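Accompanying notes for the structure given below.
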Amino acid sequence: MTEPEAGRGGGPSVDLRRLEHLIAVAEEAGFTRAAARLHLSQQALSTSVRTLERQVGVRLLDRTHQQVTPTPAGQALIDDARLLRAQARAARERARRIGRGEQERLRIAHTPAVTAEEVAELLARARAETHGIHAQAQQTFPGDLREQLLAGGCDIGLTRAMPATDGLTRVQVASHRLRVAVPAGHPLAERPHLSLDDLRGERIMVWGHPGHSAYTDLLIGLCRQAGFEPETERNPVQGTPPVTAVIATGHIAFVTAPPGPAAGGSARVLDLEPPVLVPVHALWVPHTTSPSRDTFLAGLASRG
3 MTEPEAGRGG GPSVDLRRLE HLIAVAEEAG FTRAAARLHL SQQALSTSVR TLERQVGVRL
63 LDRTHQQVTP TPAGQALIDD ARLLRAQARA ARERARRIGR GEQERLRIAH TPAVTAEEVA
123 ELLARARAET HGIHAQAQQT FPGDLREQLL AGGCDIGLTR AMPATDGLTR VQVASHRLRV
183 AVPAGHPLAE RPHLSLDDLR GERIMVWGHP GHSAYTDLLI GLCRQAGFEP ETERNPVQGT
243 PPVTAVIATG HIAFVTAPPG PAAGGSARVL DLEPPVLVPV HALWVPHTTS PSRDTFLAGL
303 ASRG
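Residue numbers for the sequence shown follow our numbering, beginning at 3 and rising by one.
As structure tokens, then:
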């Protein structure tokens with residue numbers, strides 16, 4: 003008996019377990035490491051993936067002796083499969099919480115560019131307490147945030163400028179005034195305010211390498227709009243409050259902290275004139291159920 007053709011009514015449904023196998027092979031670039039990761043034999047894993055290819059009706063992997071890479075069709079299926087996996091895990095965790103009688107919590111992950119104080123401000127703006135939202139927040143590096151969302155480790159991610167790849171949904175929920183932090187004693191420290199042009203020739207501390215950080219690229223773009231190419235240096239101390247990046251360096255940094263003395267007097271934050279605003283974006287996995295997330299986003303939208 004031949005297997006029914008993919009795409010016809012009544013054809014076989016795609017097994018989520020086989021999709022997990024495909025994802026593992028793609029991520030490990032081969033069957034050997036993927037099989038070890040999944041605790042399967044290579045033969046069983048290869049059979050599973052070939053069965054999936056027959057079900058879908060197209061080749062999903064390019065196989066060579068050196069490596070295994072997804073075909074364009076395979077990559078498209080992997081992208082969608084990661085979303086399906088996140089949706090399945092979110093559904094499972096929600097069922098567990100309800101079954102155990104646990105209180106729903108809005109699990110927020112935020113990148114270092116969005117401070118804990120700004121997260122608290124957003125919760126206050128959304129009137130989280132009034133609406134019965136119980137939240138927990140944790141700082142997450144941008145490289146890990148997308149994986150946390152897709153793995154069901156958080157309900158929403160708060161970032162600045164991170165794109166909504168892998169099928170994630172993104173919406174801007176706030177904007178903050180961009181300012182400049184300078185070390186105490188810096189020639190600019192006693193100025194009442196600065197313009198972007200005043201930063202020409204200064205070395206600017208950033209948190210991600212240009213081309214690998216959407217927020218860094220946004221900041222560099224602002225400097226270019228002001229007519230100069232900035233000199234940047236990646237902060238070697240990751241995860242600390244942005245304003246601390248300038249301490250004892252002689253460099254400056256873009257921050258969203260309030261103006262005035264900062265870091266115990268080791269730094270000073272100055273307004274930019276004319277004002278410059280930078281966004282806060284929320285990222286989440288579509289088609290997952292989270293009443294607290296929906297209430298949080300609706301509260302922010304209603305308050306502009």
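Ideal Cβ placement from N, Cα and C applies to all residues, glycine included. Please read these numbers as outputs of a predicted model, since none were measured by experiment.
8 Å Cβ shell around residue i - same chain, five flanking residues per side excluded
i       : result
Gln-141 : Ala-111, His-112, Thr-113, Pro-114, Ala-118 and Gly-241
Gln-138 : Arg-107, Leu-108, Arg-109 and Ile-110
Contact set for residue i: own chain, Cβ-Cβ below 6 Å, skip 5 residues either direction
i       : result
Ala-163 : Ala-216, Tyr-217 and Leu-220
Arg-20  : Ser-50 and Leu-54
Ser-292 : Asp-157
Rounded straight-line distance, which links the Cα of residue j to that of residue i
i       : j       : result
Ala-43  : Ala-90  : Looking at the sequence shown, residue 43 is not Ala but Ser. Rounded to whole angstroms, Ser-43 to Ala-90 spans 25 Å at the Cα level.
Leu-2   : Arg-148 : No answer is possible for residue 2: the residues shown for the chain start at 3 and end at 306.
Asp-168 : Leu-180 : 29 Å
Val-182 : Ala-250 : 16 Å
Ala-269 : Gly-213 : 28 Å
Thr-297 : Arg-84  : 25 Å
Ala-264 : Pro-144 : 25 Å
Val-121 : Val-208 : 21 Å
Coarse secondary structure for residue i, derived from DSSP in three states
i       : result
Val-275 : Before going further, note that residue 275 is Glu rather than Val in the sequence given. Coil.
Thr-171 : strand
Thr-161 : strand
Arg-19  : helix
Ile-100 : helix
Leu-285 : strand
Arg-84  : helix
Ile-110 : strand
Ile-249 : coil
Val-116 : coil
Extent of the continuous alpha helix (DSSP H) run through residue i
i       : result
Thr-242 : Careful: Thr-242 lies outside any alpha helix (DSSP H) and carries neither H nor E.
Thr-49  : 44–58
Gly-145 : 144–152
Glu-131 : Counting along the chain, Glu-131 falls outside any alpha helix (DSSP H), and DSSP gives it neither H nor E.
Pro-293 : 293–304
Same chain, Cβ closer than 7 Å to residue i, five either side skipped, listed in chain order
i       : result
Phe-230 : Arg-202
Arg-205 : Glu-233, Glu-235 and His-253
Residue i and residue j closer than 7 Å at C-beta
i       : j       : result
Val-245 : Ile-254 : no
Arg-129 : Gly-266 : no
Leu-108 : Ile-135 : yes
Leu-86  : Gly-76  : no
Leu-18  : Ala-88  : no
Ala-92  : Thr-290 : yes
Glu-275 : His-178 : no
Pro-288 : Thr-171 : yes
Proximity test, residue i beta-carbon vs the ligand SAM heavy atom, cut-off 6 Å
i      : result
Arg-99 : Absence of the ligand SAM is noted for the structure shown, with no ligands found whatsoever.
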